[in-house]
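Asker:
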Amino acid sequence: MVLAVIRQEPIKKNDNNNRQDGILFTEALTLTKFGKFNYFLIFISGMVLANVLLETAAIGFILPIAQCDLQLTNQDKGILSAIGFAGIIVSSHLWGFLADTKGRRKVIRPTLLAGFVVTVFSSFSHKFWMMVLLRFINGFFVSGGSATIYAYLGEFHTDKTRSRAMMGSSFIFALGAMILPLIAFLVINQDWILPLPFLGIDYKPWRFFLIVCGIPGFLCGISLYALPESPKFLLSIGQQTETIEVLQKMLRWNGSREQLQIKRIVPEEDLNHSPAKMSTSQNSKMFIAFLQTMWDQTVPLFHKKYLRTTLIVCTVQFWLYVITNGLYMWFPHIINSMAEFMNENPGQHKKICEIVYDKHESLYKTDGSMECITKLEDNTYFYSLVMEILYASSFAFIGLIINRVSKVTVLFIIMIFFSSCGLAAVFTVDPSITAYLYVLLFLVGVAINVLGATTVELYPTNLRAMAICISLMVGRLGSVVGANIVGALLGTHCELTFYIGCVALYCCAFLSLLIPRASLDEPVKQSLESA
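Each residue of the sequence shown is one higher than the last, beginning at 1007 in the working numbering.
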């Protein structure tokens, strides 16, 4: 069978005749109530998001420790810290297309399991290039879950509960992220070594740390066997019976033994076009038809109706990821350098970049030799834990107000405030205060989840997963750019890395005010009316 060109199959618009023997999807979803199913889904979604952080940010913790084992220069560290995001970029478009045409769960489940398998293999890497290759493949699969989970979670909830559900998953994400410094502290700082002469390596704690960070993704992949496909996606491809079965399953999970009395579900406005479908044709070649299908699924995002929205979302996403992923990959290195300075020079004052310059000179000596680090300072884990606790607290707070305050306003405040903390960190001379300001800079990452919740409400169902994947793809490009820029500049132009990122986020804060508000304000109105 050969793939052919897509056809957009229109579904008739809703009218009074259509509704005589049917019920709107939102009304049907409301009948399932909100209970155990939703909480379980929110938890799994949050852990899928946390898995992305664990798989990618784990590299940041091992870079100082693996420096001698893999013979890493600063530029090598930049490449290794960014390569996972490169894999995510390459695959984001593919997973978005498959999620919009084949199903959300069919993408999320296998990619999570495959990502864990690759992680296990990467822990045995004995060469820099091998680690780079395997972490690239890991990023390729990790993208499938992260890029699709927003659409999957959102389509099980109504406008009234969707934003809160997404912020709930973000809170779980933050809690999951909190285990990263704890895992690092418990695993990396151990003294054991397992010689594996047949592989030419000594298996050290930092290698086992990679596997431990991949376990949540494996468990989430297994858990998804218990969850159904998105009912909204099923309805968009005309599977009425399957949609009703999913809704009935949700109701049963939520504690009701009632039978849903639904004969037919009427698609809503954003379901007036089904996802792109591929048909057979002898004259079409598989690869060309596949690319054509992906292209036709993407082009609507850049039509006049969505062009401004798409460009703004992608631009803001890019610079958020430059800081929260690109610069963050160097967080353990920078904060560990500061912790060392404070331990060795109690009471002395020095700016953050002066400390970084001194550390760079001690690591890479003029004779070409390297200083090997076997453990990280305890305060490095402490500051990492503080950051994750603040993350979780921020998500919890935003989850309480997200339906009562404009998402655009929340985005603006987050970017302005935390960017200011980052700039202040450059000029502060007390290392203990600087460390906390530096930690606060990374809380701007909360805006990524708010932007994700915003994006879901800006696009119709048949474009939603692709829109999220495109924005995340651009964001991960920011991760690659950020990690490599920091790797190139940190040892000689440390201050410039802060100036570029923080000034860009100021600009993005004002740019976010141009995001269309009509569809975003509706859940706020509904929430206020219900209150």
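All residues carry an ideal CB built from backbone N, CA and C; glycine is no exception.
Only a predicted model underlies this, so the values are computations on that prediction, with no experimental measurement involved.
Which one of MET1335, GLY1332, LYS1365 and LEU1333 has the shortest CA to CA distance from MET1348?
Answerer: For the purposes of this step, residue 1348 is identified with residue 342 of the sequence shown, where counting begins at 1. Closest by alpha carbon: LYS1365.
Asker: Would you call the CB atoms of MET1137 and SER1128 closer than 8 Å?
Answerer: Counting from one through the sequence shown, the residue named residue 1137 turns up at place 131. Counting from one through the sequence shown, the residue named residue 1128 turns up at place 122. The answer is yes: Cβ separation under 8 Å.
Asker: Could you check how far apart the C-beta atoms of TYR1512 and SER1425 are, in whole angstroms? I think they sit under 8 Å.
Answerer: Position 506 of the sequence shown holds residue 1512. Position 419 of the sequence shown holds residue 1425. About 6 Å separates the two Cβ atoms, so the contact holds.
Asker: Grab the span of the alpha helix (DSSP H) containing TYR1512 for me, first residue to last.
Answerer: Counting from 1 along the sequence shown, the entry for residue 1512 is found at position 506. Its alpha helix (DSSP H) spans residues 1500 to 1517.
Asker: Compare the Cα-Cα distances from LEU1396 to each of ALA1063, PHE1179, LEU1055 and TRP1101 and report the closest residue.
Answerer: Your numbering for residue 1396 matches position 390 in the sequence shown. The shortest C-alpha separation from LEU1396 is found at PHE1179.
Asker: What first and last residue would you give for the alpha helix (DSSP H) that runs through ILE1228?
Answerer: Here the question's residue 1228 lines up with position 222 in the sequence shown. Counting along the chain, the alpha helix (DSSP H) containing ILE1228 begins and ends at 1211 to 1229.
Asker: Who are the Cβ neighbours of LEU1333 in its own chain at under 7 Å, not counting the five residues just before and after it?
Answerer: For the purposes of this step, residue 1333 is identified with residue 327 of the sequence shown, where counting begins at 1. Only GLY1488, VAL1492, THR1503 and GLY1507 meet the Cβ criterion.
Asker: Can you tell me the Cα-Cα spacing of THR1304 and LEU1469, whole angstroms?
Answerer: Locating residue 1304 in the sequence shown gives position 298, where the first residue counts as 1. Locating residue 1469 in the sequence shown gives position 463, where the first residue counts as 1. When rounded, the distance between both Cα atoms is 8 Å.
Asker: Within this structure, are the beta carbons of THR1440 and ILE1358 separated by less than 8 Å?
Answerer: Here the question's residue 1440 lines up with position 434 in the sequence shown. Here the question's residue 1358 lines up with position 352 in the sequence shown. Yes; because the gap between Cβ atoms is below 8 Å, this pair is in contact.
Asker: Quick one: measure Cβ to Cβ for PHE1177 and GLY1090, integer angstroms, because I've assumed they're closer than 8 Å.
Answerer: Working through the sequence shown from its first residue, we reach residue 1177 at position 171. Working through the sequence shown from its first residue, we reach residue 1090 at position 84. PHE1177 to GLY1090, Cβ: 24 Å. No contact.
Asker: For LYS1029, list the residues DSSP reports as bridge partners.
Answerer: For this step, residue 1029 is matched to residue 23 along the sequence shown. Residue identity check: residue 1029 is Ile in the sequence provided, not Lys. According to DSSP, ILE1029 bridges with ILE1271.
Asker: Can you list, in chain order, the residues of its chain with a C-beta nearer than 6 Å to that of LEU1483? Leave out the 5 residues immediately preceding and following it.
Answerer: As a first step, residue 1483 must be located in the sequence shown, where it is residue number 477. Hits under 6 Å: ILE1095.
Asker: What do you reckon, are the CB atoms on SER1087 and GLY1121 nearer than 8 Å?
Answerer: The residue you call residue 1087 lines up with position 81 of the sequence shown. The residue you call residue 1121 lines up with position 115 of the sequence shown. No, the pair does not count as a contact, with Cβ atoms beyond the cut-off.
Asker: Using 8 Å as the threshold, is the region 1441 to 1454 in touch with the region 1145 to 1165, meaning 3 or more CB pairs across them?
Answerer: Contact fails: fewer than three Cβ-Cβ distances are below 8 Å.
Asker: Would you identify the three-state DSSP class for ILE1395, choosing helix, strand or coil?
Answerer: Within the sequence shown, the letter at position 389 stands for residue 1395. Of the three classes helix, strand and coil, the one that applies to ILE1395 here is helix, per DSSP.
Asker: Could you tell me if ARG1263 is buried or exposed, where buried requires 16 or more neighbouring beta carbons within 10 angstroms of its beta carbon?
Answerer: Here residue 1263 corresponds to residue number 257 of the sequence shown, with the count starting at 1. ARG1263 comes out exposed.
Asker: On the premise that TRP1325 lies in contact with CYS1475, defined as a C-beta separation below 8 Å, what is that separation, rounded to the nearest angstrom?
Answerer: In the sequence shown, the residue the question calls residue 1475 occupies position 469. In the sequence shown, the residue the question calls residue 1325 occupies position 319. Contact flag wrong, Cβ pair sits at about 19 Å.
Asker: DSSP three-state label for ASP1208, please.
Answerer: For the purposes of this step, residue 1208 is taken as the residue at position 202 of the sequence shown. The answer is strand: DSSP assigns ASP1208 an E or B state.
Asker: Using only the alpha-carbon positions, how far apart do PRO1070 and ILE1379 sit?
Answerer: Translated into positions along the sequence shown, residue 1070 becomes position 64. Translated into positions along the sequence shown, residue 1379 becomes position 373. Going from the Cα of PRO1070 to the Cα of ILE1379 covers about 6 Å.
Asker: For my contact list, ILE1318 and SER1169 are in at a C-beta cut-off of 8 Å; report their separation, rounded to the angstrom.
Answerer: Walking along the sequence shown from the start, residue 1318 turns up at place 312. Walking along the sequence shown from the start, residue 1169 turns up at place 163. Not confirmed; about 19 Å, so no contact.
Asker: Check the C-beta distance from GLY1223 over to GLU1061 and give it rounded, since I have them as a contact under 8 Å.
Answerer: Translated into positions along the sequence shown, residue 1223 becomes position 217. Translated into positions along the sequence shown, residue 1061 becomes position 55. That belief holds up - the Cβ atoms of GLY1223 and GLU1061 are roughly 7 Å apart, short of 8 Å.
Asker: Determine the direct distance from the alpha carbon of ILE1085 to that of ASN1490, and round the result to whole angstroms.
Answerer: Numbered from its first residue, the sequence shown carries residue 1490 at position 484. Numbered from its first residue, the sequence shown carries residue 1085 at position 79. Those two C-alpha atoms are separated by around 6 Å.
Asker: For the alpha helix (DSSP H) that LEU955 lies in, which residues bound it at each end?
Answerer: Given a span of 1007 to 1537 for the chain in the structure shown, any question on residue 955 remains unanswerable.
Asker: Please list the terminal residues of the continuous alpha helix (DSSP H) segment that includes GLN1520.
Answerer: Looking up residue 1520 in the sequence shown gives position 514. In the sequence on display, residue 1520 carries Leu and not Gln. Here LEU1520 belongs to no alpha helix (DSSP H), and DSSP marks it neither H nor E.
Asker: Ignoring anything shorter than 4 residues, give me the alpha helix (DSSP H) runs that lie fully in the region 1060 to 1133, in order along the chain.
Answerer: You should have 1080 to 1107 and 1111 to 1128.
Asker: Between the alpha carbons of LEU1140 and ALA1063, how many angstroms are there, rounded?
Answerer: Along the sequence shown, one-based indexing puts residue 1140 at 134. Along the sequence shown, one-based indexing puts residue 1063 at 57. If you take the alpha carbons of LEU1140 and ALA1063, they lie about 15 Å apart.
Asker: Quickly, what does DSSP pair PRO1201 with across the bridge? List them, please.
Answerer: Residue numbering aside, residue 1201 sits at position 195 when the sequence shown is read from its first letter. Paired residues: ASP1208.
Asker: Once DSSP output is grouped into helix, strand and coil, what is the label at ASN1020?
Answerer: Mapped onto the sequence shown, residue 1020 falls at position 14. Model confidence at ASN1020 stands at a pLDDT of 43, short of 50, so the residue's coordinates are unreliable; what they give is reported in the following sentence. The answer is coil: DSSP assigns ASN1020 none of H, G, I, E or B.
Asker: Assuming ASN1331 contacts SER1485 (C-beta within less than 8 Å), just tell me the rounded distance between them.
Answerer: Taking the sequence shown and counting its residues from 1, the one referred to as residue 1331 is at position 325. Taking the sequence shown and counting its residues from 1, the one referred to as residue 1485 is at position 479. Their Cβ separation, rounded to whole angstroms, is 4 Å, which keeps ASN1331 and SER1485 in contact under 8 Å.
Asker: Which residue comes first and which comes last in the alpha helix (DSSP H) that contains VAL1432?
Answerer: Reading the sequence shown from its first residue, position 426 is the one you call residue 1432. Looking at the DSSP string, the run of the alpha helix (DSSP H) that includes VAL1432 is 1413 to 1433.
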